[in-house]
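In the working numbering, the protein residues as written are 2 to 188.
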């Protein structure tokens, strides 16, 4: 039998030391792995929190940009609405004065004209025979809207049409009577 003297015992001691060192290393490795797991979890938590923070920052930035765009768009719309101006109409006395007056009132309201501006625009819009209305108005009254409208109404208004229709009816009646009596004269 082989001798189990001091050599094998010394090897046993060395193995025991080696096992002890290995056990210590194993514990250190487990502790290191645990530390790594904890670090990874902490890192993942920080990443989640960082993502959430970045998401909130982006959302706040986008919302502020949207608000700025809305404010800018509202300002542009306001400017466009202010700049919209309808061109003044012209009246030559041939068309219906009532239709012209209605259109003129709509344009003046849309453009936000004062009575002074309305008077100026009305004077500028008269053409041809309609402009002759201005001859009967004193120069200092050409900026008075009421005076210009009354003069225009007296010549081109509906009251003028009443007289026109009476004259037309009288003329037709005379023509009819003339046609009736004309054949009798030839007999």
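Think of the CB as a built atom: it goes at the ideal place given N, C-alpha and C, for glycine as much as any other residue.
Item: Counting C-beta neighbours from all protein chains within 10 Å, is the total for residue 128 16 or more, i.e. buried, or is it exposed?; Value: exposed
Item: Would you identify the three-state DSSP class for residue 127, choosing helix, strand or coil?; Value: strand
Item: With C-beta atoms as the reference, is residue 126 less than 7 angstroms away from residue 90?; Value: yes
Item: Please report the straight-line C-alpha distance between residue 149 and residue 107, rounded to a whole angstrom.; Value: 18 angstroms
Item: Taking DSSP's pairing of strands, which residues face residue 92 in a bridge?; Value: 127
Item: For residue 189, count neighbouring Cβ atoms within 10 angstroms of its own Cβ and tell me buried if that reaches 16, exposed if not.; Value: Given a span of 2 to 188 for the chain in the structure shown, any question on residue 189 remains unanswerable.
Item: Grouping DSSP H, G and I as helix and E and B as strand, with all else coil, what is residue 113?; Value: coil
Item: Could you tell me whether the region 139-146 touches the region 112-124, where touching means 3 or more Cβ pairs closer than 8 angstroms?; Value: yes
Item: Please list the terminal residues of the continuous alpha helix (DSSP H) segment that includes residue 152.; Value: 146-157
Item: Determine the contact status of residue 153 and residue 134, defining contact as a CB-CB distance below 7 angstroms.; Value: yes
Item: If you run the structure through DSSP and keep just helix, strand and coil, what is residue 97?; Value: coil
Item: Express the C-alpha separation of residue 65 and residue 79 in angstroms, rounding to a whole number.; Value: 21 angstroms
Item: Work out the CA separation of residue 44 and residue 21 for me, nearest whole Å.; Value: 34 angstroms
Item: Residue 76 and residue 130 look like a contact to me (Cβ under 8 angstroms); what is the Cβ gap, rounded to whole Å?; Value: In fact, because the Cβ distance is near 47 angstroms, the residues do not count as touching under 8 angstroms.
Item: May I have the straight-line CA-CA distance separating residue 167 from residue 173, to the nearest angstrom?; Value: 10 angstroms
Item: Distance check for residue 37 and residue 52, CA to CA, integer angstroms please.; Value: 22 angstroms
Item: What number of angstroms, rounded off, separates the C-alpha of residue 72 from the C-alpha of residue 63?; Value: 14 angstroms
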